[in-house]
Amino acid sequence: MNRGRLTVYLGSAPGVGKTFKMLDEARRRRARGTDVLVGLVETHGRAETAAAVGDLEVVPRARVEYRGTVLEELDVDAVLARRPEVVLVDELAHTNAPGSARPKRWQDVDVLLDAGLDVITTVNVQHLESLNADVEAITGIRQRETVPDRVVREADQIQLVDLSPHALRRRLAHGSVYRPEQIDASLAAYFREGNLTALRELALLWLADRVDDALARYREQHAITGTWPARERVVVAVTGGPEGDTLLRRGARIVERAAGSELHAVHVLATDGLPGPPPGAITAARQLVESLGGTFHTVVGEDVATAVVDFARGINATMIVVGVSRHSRWREAVVGSTAARVVQLAGSVDVHLVTHEQARKERFVRGRWSSLSRARRAWGWAAAVVVPGILVAALSFGDGVSLSVDVLLYLVGVVGVALLGGMWPALAAAVLSFACLNWFFTPPTGRFTVAQGENVATLAVFVVVAASVAAVVDVSARRAAEASQARAEASTLASLSRSVLAGEDSPEAVVARLVTTFGLEGARLEERPAPSAPYEVVASAGPRPTRTPAEGDARAAEGDAASAEGDAAFADGDVRSADGDVRSADGDVRSADGDAREGSVVDVDPLRRLVVSGPPLPAADRQVLEAFAAQAGIVLERRRLAERASRAAVLEEADAARTALLAAVSHDLRTPLASIRTAVDGLAAQDVVLDEEDQEALVATADAATTRLERLIENLLDLSRLQVGGLRPRLVTASLDEVVPVVLEAFPAERVVSDVPEDLPLVTTDAGLLERVVANVVANAVRFQPAGTPVRLTASADAQAVELRVVDTGPGVDDERKERMFDAFQRLDDTSAGGLGLGLAVARGLARAVGATLDPEDTPGGGLTMVLRAPRASLPVGGGPWHAALPSDSTARPVTPATPEETA
Numbered sequence: 048m049n050r051g052r053l054t055v056y057l058g059s060a061p062g063v064g065k066t067f068k069m070l071d072e073a074r075r076r077r078a079r080g081t082d083v084l085v086g087l088v089e090t091h092g093r094a095e096t097a098a099a100v101g102d103l104e105v106v107p108r109a110r111v112e113y114r115g116t117v118l119e120e121l122d123v124d125a126v127l128a129r130r131p132e133v134v135l136v137d138e139l140a141h142t143n144a145p146g147s148a149r150p151k152r153w154q155d156v157d158v159l160l161d162a163g164l165d166v167i168t169t170v171n172v173q174h175l176e177s178l179n180a181d182v183e184a185i186t187g188i189r190q191r192e193t194v195p196d197r198v199v200r201e202a203d204q205i206q207l208v209d210l211s212p213h214a215l216r217r218r219l220a221h222g223s224v225y226r227p228e229q230i231d232a233s234l235a236a237y238f239r240e241g242n243l244t245a246l247r248e249l250a251l252l253w254l255a256d257r258v259d260d261a262l263a264r265y266r267e268q269h270a271i272t273g274t275w276p277a278r279e280r281v282v283v284a285v286t287g288g289p290e291g292d293t294l295l296r297r298g299a300r301i302v303e304r305a306a307g308s309e310l311h312a313v314h315v316l317a318t319d320g321l322p323g324p325p326p327g328a329i330t331a332a333r334q335l336v337e338s339l340g341g342t343f344h345t346v347v348g349e350d351v352a353t354a355v356v357d358f359a360r361g362i363n364a365t366m367i368v369v370g371v372s373r374h375s376r377w378r379e380a381v382v383g384s385t386a387a388r389v390v391q392l393a394g395s396v397d398v399h400l401v402t403h404e405q406a407r408k409e410r411f412v413r414g415r416w417s418s419l420s421r422a423r424r425a426w427g428w429a430a431a432v433v434v435p436g437i438l439v440a441a442l443s444f445g446d447g448v449s450l451s452v453d454v455l456l457y458l459v460g461v462v463g464v465a466l467l468g469g470m471w472p473a474l475a476a477a478v479l480s481f482a483c484l485n486w487f488f489t490p491p492t493g494r495f496t497v498a499q500g501e502n503v504a505t506l507a508v509f510v511v512v513a514a515s516v517a518a519v520v521d522v523s524a525r526r527a528a529e530a531s532q533a534r535a536e537a538s539t540l541a542s543l544s545r546s547v548l549a550g551e552d553s554p555e556a557v558v559a560r561l562v563t564t565f566g567l568e569g570a571r572l573e574e575r576p577a578p579s580a581p582y583e584v585v586a587s588a589g590p591r592p593t594r595t596p597a598e599g600d601a602r603a604a605e606g607d608a609a610s611a612e613g614d615a616a617f618a619d620g621d622v623r624s625a626d627g628d629v630r631s632a633d634g635d636v637r638s639a640d641g642d643a644r645e646g647s648v649v650d651v652d653p654l655r656r657l658v659v660s661g662p663p664l665p666a667a668d669r670q671v672l673e674a675f676a677a678q679a680g681i682v683l684e685r686r687r688l689a690e691r692a693s694r695a696a697v698l699e700e701a702d703a704a705r706t707a708l709l710a711a712v713s714h715d716l717r718t719p720l721a722s723i724r725t726a727v728d729g730l731a732a733q734d735v736v737l738d739e740e741d742q743e744a745l746v747a748t749a750d751a752a753t754t755r756l757e758r759l760i761e762n763l764l765d766l767s768r769l770q771v772g773g774l775r776p777r778l779v780t781a782s783l784d785e786v787v788p789v790v791l792e793a794f795p796a797e798r799v800v801s802d803v804p805e806d807l808p809l810v811t812t813d814a815g816l817l818e819r820v821v822a823n824v825v826a827n828a829v830r831f832q833p834a835g836t837p838v839r840l841t842a843s844a845d846a847q848a849v850e851l852r853v854v855d856t857g858p859g860v861d862d863e864r865k866e867r868m869f870d871a872f873q874r875l876d877d878t879s880a881g882g883l884g885l886g887l888a889v890a891r892g893l894a895r896a897v898g899a900t901l902d903p904e905d906t907p908g909g910g911l912t913m914v915l916r917a918p919r920a921s922l923p924v925g926g927g928p929w930h931a932a933l934p935s936d937s938t939a940r941p942v943t944p945a946t947p948e949e950t951a
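Those letters in the sequence shown? Residues 48 to 951, per this note's numbering, in order.
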């Protein structure tokens, strides 16, 4: 069965006439012979709306009773049973009455569409989910009933119903929208002219987006690649250079001129594998684009200009913004520029060239034309001089060798020089080879003259080919070296990213990896609490690690014998940074002491920086160094967040304990107080004569309530002392057969049976606190022990500890909840009156405080056995294997002498 078609009448505001338009469409379709049914039309008591329904067939509404009130909703089942071709459903965003089959009316409509029925519905723009916050900001009223945008966007047809603000206010004033008593308030609030104008614009822009989506689908279906300027879309080409901010802000100003315009920034990644701009520059550009309300895109392409133009055409852009080339005019004349290529390829797309401070300011940088080492360049220059001479000597002994063979051999020599020393030595070798060929092998020899014209051509071609081959070989060698370095950098960064994302690295590990990767003497990550505060070392590593910023500067100064040159360079115009370092014109960094080390300081953010010491790093490694710095900052921030989360978890746990305590106090502490107050009032009453039996009963009630209150208060105090670490046990030698009988005196003899031998070894403990532990455990066992069967206490000893077992045959506790029952205020399935759920939490805390452990086990046959293990007195207090086995979260404190008052 095909899904039905949805038609939506979208209103810019209430009262614009959506329902009338829907009814008009229904009558038009009925006149054509279509079976139309009115599922639900909201008249809101308006006679005009009710009259507009006319003789259209209306399905009876479903009646839903809610809190004594009968509400009417759309009867979906009745509509499905009737099965018309078209059904009318008003107010798509309506919330159905509680008890309905579905909570929202748009869900009812979805059911009708799935059944193959066509639906015509209405909705106002203020009910669209994506515009809800905007409407609230404009009108000051938050709409409680909303419909997801996708429901309306997926409609087969959307009709905008609109009125000018003046016409709508006039319609409202005539009583065509609200009742007379609501008119004045509506005109002064929601229906102000400014509000209506803004809502109208929201509706138009939202619908324009929907139309634009339809246009994109049409262009894709019909393979249309040309630009249709239906909406202003500006594409800004971003290279990652310093001119990026200027281009993006210019593009944003262009977009602001027309409402509904879009800003797109695109960065092209070259496929040659060469290093691109620093990742920090691209990240900054992305953040700026997003702050300007645009979107950032990254595409891959062999040719930058082609990739930019293809992207612009793909999104149907109307303008491309590019910057004027940074290359010098002579280089642009030779190799061209990306901006010029974009202009050539753009076709019907406008191109906006933006000048900037970096335009035409490219200058020659030493070492730019060769990435070879100084030694290889030296060998290349030597070869440029030696190779032509060697060929002269070798070819002089050969007879009958033609000039063409000589030229080819010299060409091979020039290529060899290019491979060894780069382009410039090869060009020198080509010039020397030309001179040697002319002087020694071109008739007439011994003179720089050429007798035959073809020899002139041969020599000229030789120079051109030699120079061209030298340039190609040099460029290829540089590209290969750069690609190899890029692959190594990518591998290094990928490994670092994987380890950081997996949470395997600490700041110390990242810094240590940095030292290993670059072969540094040392590196340190520094942090400061505020931009004006001094830096402090967070992590350091290396064979000669620096522990403080001052130490690192001094150590670098010791290894720099050219401090006088550094002072001279500073005098020549270097710039001192805010942190006291000196940055020279070529980008090197000198400390205030005079040490010169290229790229030794990398700023992670305003509060963190990475400082390295050792041999100067090549400029090509700066990008990887920045990536390491960024990752170190991420790791440090993640550790900070983890610490905050841990502290927040502790605070949350404490807050939960306080909340549970307050909730429990309201009942469990008030109940014994109420019992005591009742008993005391009964005993003190003058108008009531009590016999001796009644008086004894009231006294017993007050005594039991007082005992219970004392036990609750003691547990609360013990818990608070454990949490703040204020409990200081007094450890002495004691015997369990002395502690257990004291505990059992508080329980009826038929409820607890003791089988504790009298010859047990002594234990090291605080007898008073251990008594509290045993009392709480026994009380918990008695609570769950079935009537008629006593709780059993047994004891035994091994080489390390004495073990007391409290055995009950009650319902027991499953493994998943055994640890949770030691949390404060946990009563698990206990629903009996009384108790705060503190007994076991206090018992385990006190046990750990005296060096014991308390763990649960299953009782054979059913039930729970609590095992208390206390260290034997023969073991040294605070040492030995027993204390080594204590849990890592033990609350026990170092044993110190304590007064009886502190123990109480």
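Backbone N, C-alpha and C fix where the C-beta goes; we use that ideal spot for every residue, glycine too.
The structure presented is a predicted model; accordingly, all values stated were derived computationally and were not measured.
Can you give the Cα-Cα distance for residue i and residue j, rounded to whole angstroms?
i           : j           : result
residue 883 : residue 909 : Residue placement at residue 883 is poorly supported in this model, since its pLDDT is 47, which falls under 50; the coordinates still yield a value, given next. In a straight line, the C-alpha of residue 883 is about 25 Å away from that of residue 909.
residue 190 : residue 115 : 26 Å
residue 811 : residue 564 : 55 Å
residue 756 : residue 858 : 27 Å
residue 286 : residue 362 : 20 Å
residue 473 : residue 451 : 20 Å
residue 291 : residue 332 : 7 Å
residue 835 : residue 841 : 19 Å
Residue i by DSSP, collapsed to three states: which one?
i           : result
residue 171 : strand
residue 798 : coil
residue 846 : coil
residue 51  : coil
residue 183 : helix
residue 42  : Here the chain has residues from 48 to 951 only, and residue 42 is not among them.
residue 525 : helix
residue 839 : strand
residue 472 : helix
residue 554 : helix
residue 337 : helix
residue 463 : helix
residue 442 : helix
Bridge partners for residue i per DSSP, in chain order?
i           : result
residue 571 : 587, 658
residue 911 : 905
residue 723 : None; residue 723 has no bridge partner.
residue 367 : 282, 398
residue 56  : 169, 206
residue 650 : 656
Quick one: is residue i buried, meaning 16 or more other Cβ sit within 10 Å of its Cβ, or exposed?
i           : result
residue 113 : exposed
residue 167 : buried
residue 589 : buried
residue 954 : This structure cannot speak to residue 954, because the chain is shown only from 48 to 951.
residue 284 : buried
residue 678 : buried
residue 173 : buried
residue 229 : exposed
residue 515 : exposed
residue 523 : exposed
residue 48  : exposed
residue 193 : buried
residue 337 : exposed
residue 562 : buried
(message) Give the list of continuous beta strand (DSSP E) stretches no shorter than 3 residues that lie fully inside the stretch 92-176.
(response) 109-113, 116-120, 133-136, 165-171
(request) Report the residue ranges of all alpha helix (DSSP H) runs contained in full by the stretch 192-263; include only those spanning at least 4 residues, in chain order. (result) 196-200, 212-220, 227-235
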